[in-house]
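Novice: Would you mind keeping the following structure in view while I ask a few things?
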Ligand code: ADP
Ligand code: MG
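Numbering (full-length UniProt numbering), first residue to last: 364 to 1033.
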């Protein structure tokens, strides 16, 4: 069992006793009655009046108050879609957009067809309400820069500050200036609304008071080593010891959710009739829509439902009947790079709040109260501040925005960083000398990874090794958590790691690990025996599949190098020629900036000290270390980046006198 301690309470504005959770009969009540029971309903007229009076309105309301599903309907009923005009409502996530579109279609009757509420692709002439992702609305700007066919644009879940949403803000603010009749709504959970108001020239904020019951917060006494296992145990513990009410668990992504669901189902099966029925329902981006719909179905009497969700259930989707929330405290910042990180205080409280929507609830945090107070950051850093600016530039350029220096960002990136990004994209061949997007730049904009990585993937076409490069790309995205080194088995673990070494460098080692794992049938036993983290490998496999799915869009065919690793190394060089270093008499220096750098002691090349190499990243600890290094030949640089390197700077006057070994050995470094 896991021991929790009750620490604090999230204050509600309703009496703790409150109405009981909805019964079956209430849930079957007419859909219109449900609409009228939502917190936004009493404000319908006031809200419509405010929208009529102001071009831009910021709407703030507790999650589940009806912003997403109701406001577009009110606008429709008010006649905003007359004369063939449309209403757009954007969501950061595709699953959320699909789910609410389906719900609204049902609420408006007739299953959506006659009235035309649609999600994306299947838009028809008659579509009046369009629920779409923020990325889709961005693409609308390509065909319709003034959004002329829209009467209202509602940017929903604005507090998430996704890159796409942030860019939409800049574009919409501009359009609103020359289309005074366009209505702009910015909807957000109760976070940060003042920022939005300031950005839109002090637009008024409309507040929808929420309905919130108190939530008791529990923390674990000590940190949990394996949070997935801890989650499964806690769910069963809640199921066995707590009164009725459904459970919501927050995990980071598909692979984790599937694993947790399997574990739960497995243990329930083993417990058999000793426990009441537990319905285990997953929800994540790639889940088929009929499975997605299941999370909203009422729980049968006597049973309990546990929904295992990604961050999507934090503010985008509201599931009725949740009384218990289980929060391990992690989320995945970028689905294609698997940067699992700690959530922040704002998110932790949002998550807890999900337990108090229909009655007083409980939130179990799988971290300590100390960690909550001392280790979590306050709020989410906007994606635009943490993503590589190269991607932002590619996106804006592909939208036809050329003057990036004057683009109206909600949080402008630093000028120097923007300049560096432009310079790098030029070097990578994504922009031409006029700063325009090239064909390969257009393809790079399609791949949701760092520009250097997308360049590497594109280059794998030329070197016929896309199979291997996809693996390298996927492994790089989880690269710091592949090997593990238990304290009592350090020697074994290090030996296992060294056994994967291949001449050429760390990228090939990663490739080797993945290939052997695939040959083992993606086995967890194999991972265990080789001191490889199974979970990281599964994530790598996930990323690899996602990337493979995008290859067609960027016109790269699947091909294998058949063991000719020179081709793989050249393709990597084509993406990372920016990150090169050479061995000089005084150690390694980066080729362009002449910065002093060191090979990381964990690298397979640590003792080899090749003359030329490229690195995946620099990490500054005691020194500037190059992590994931690959041996290259200087002539390859001229082959892959003739515009960037001159033969002269690649000459090596000291080549004959080069000392065999420079720097300390691994032992000396400890
Ligand atoms: P907000 O956007 O303010 O968070 P929503 O409009 O998403 O609120 O939710 C309002 C209500 O609609 C909630 O009670 C929620 O449970 C319900 N709802 C939303 N989507 C669905 C769906 N797909 N199926 C059933 N109910 C839904
Ligand atoms: Mg919403």
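Ideal placement from N, C-alpha and C gives every residue a C-beta, glycine not left out.
Determine which residues share a DSSP beta bridge with residue 551 and list them.
Specialist: Looking at the DSSP assignment, residue 551 forms a beta bridge with 423.
Novice: Looking at the unbroken beta strand (DSSP E) that takes in residue 961, where does it start and where does it end?
Specialist: 959-962 is the extent of the beta strand (DSSP E) around residue 961.
Novice: Is it true that the region 503-520 meets the region 535-547, where meeting means three or more beta-carbon pairs spaced less than 8 Å apart?
Specialist: Contact holds: three or more Cβ-Cβ distances are below 8 Å.
Novice: Give a single yes or no on whether residue 431 has its beta carbon closer than 7 Å to a heavy atom of the ligand MG.
Specialist: Residue 431: yes, Cβ under 7 Å from the ligand MG.
Novice: Taking the straight line between their C-alpha atoms, what separation do you get for residue 691 and residue 654?
Specialist: When rounded, the distance between both Cα atoms is 24 Å.
Novice: If you check the beta carbons only, do residue 537 and residue 745 fall under 8 Å apart?
Specialist: No, Cβ-Cβ distance for residue 537 and residue 745 is not below 8 Å.
Novice: Residue 832 and residue 931 look like a contact to me (Cβ under 8 Å); what is the Cβ gap, rounded to whole Å?
Specialist: The Cβ separation is near 7 Å, so the contact holds.
Novice: Which full runs of the beta strand (DSSP E) of 3+ residues lie inside the region 667-726, going along the chain?
Specialist: Fully enclosed beta strand (DSSP E) runs of 3 or longer: 667-672, 685-690, 693-695 and 703-705.
Novice: Residue 874 bridges to which residues according to DSSP?
Specialist: For residue 874, which the question treats as bridged, DSSP gives no partner whatsoever.
Novice: Quick one: Cα of residue 882 to Cα of residue 470, how far?
Specialist: Roughly 50 Å between the two C-alpha positions.
Novice: If we require 4 or more residues per run, which alpha helix (DSSP H) segments fall completely within the region 560-640?
Specialist: The qualifying runs are 590-604 and 617-634.
Novice: Closest by CA to residue 991, which one among 943, 947 and 999?
Specialist: Of 943, 947 and 999, the residue nearest in Cα terms is 943.
Novice: Counting only the same chain and skipping the five closest in sequence on each side, list residues whose C-beta sits under 8 Å from that of residue 365.
Specialist: The answer, listed in chain order, is 583, 587, 593, 596, 597, 600 and 729.
Novice: When the Cα of residue 741 is compared with those of 853, 709, 666 and 923, which residue comes out closest?
Specialist: Comparing Cα-Cα distances from residue 741 to each of 853, 709, 666 and 923, the minimum goes to 709.
Novice: Kindly give me the distance between the Cβ atoms of residue 727 and residue 581, rounded to whole angstroms, as I take these residues to be in contact under 8 Å.
Specialist: Indeed, because the Cβ distance is near 5 Å, the residues count as touching under 8 Å.
Novice: For the region 452-465 and the region 492-505, state whether three or more C-beta atom pairs, one from each stretch, are separated by less than 8 Å.
Specialist: The region 452-465, when compared against the region 492-505, does touch it at the 8 Å Cβ threshold.
Novice: Roughly how many whole angstroms lie between the Cα atoms of residue 762 and residue 502?
Specialist: Roughly 7 Å between the two C-alpha positions.
Novice: Could you check if residue 517 is buried or exposed, using at least 16 other CB atoms within 10 Å of its CB as the buried criterion?
Specialist: Classification for residue 517: buried.
Novice: Residues in its own chain within less than 8 Å of residue 667 by CB, not counting five upstream and five downstream?
Specialist: Only 602, 607, 608, 609, 610, 639, 640, 641 and 642 meet the Cβ criterion.
Novice: What would DSSP say about residue 951, mapped onto helix, strand or coil?
Specialist: Correct three-state label for residue 951: strand.
Novice: Are residue 695 and residue 703 closer than 8 Å when you measure CB to CB?
Specialist: Going by C-beta atoms, residue 695 is nearer than 8 Å to residue 703.
Novice: By alpha-carbon positions, which one of 818, 769, 787 and 407 ends up nearest to residue 802?
Specialist: Among 818, 769, 787 and 407, the Cα nearest to that of residue 802 is on 818.
Novice: Name the DSSP beta bridge partners of residue 452, please?
Specialist: For residue 452, which the question treats as bridged, DSSP gives the partners 494 and 517.
Novice: Can residue 776 and residue 752 be called in contact, C-beta distance under 8 Å?
Specialist: For residue 776 and residue 752, yes; Cβs fall inside 8 Å.
Novice: By a C-beta neighbour count over all protein chains shown, 10 Å radius and 16 as the cutoff for buried, is residue 505 buried or exposed?
Specialist: Residue 505 should be labelled exposed.
Novice: Can you tell me the Cα-Cα spacing of residue 590 and residue 427, whole angstroms?
Specialist: Using only the alpha carbons, I get a separation of about 28 Å.
Novice: Which one of 570, 946 and 872 has the shortest CA to CA distance from residue 404?
Specialist: Among 570, 946 and 872, the Cα nearest to that of residue 404 is on 570.
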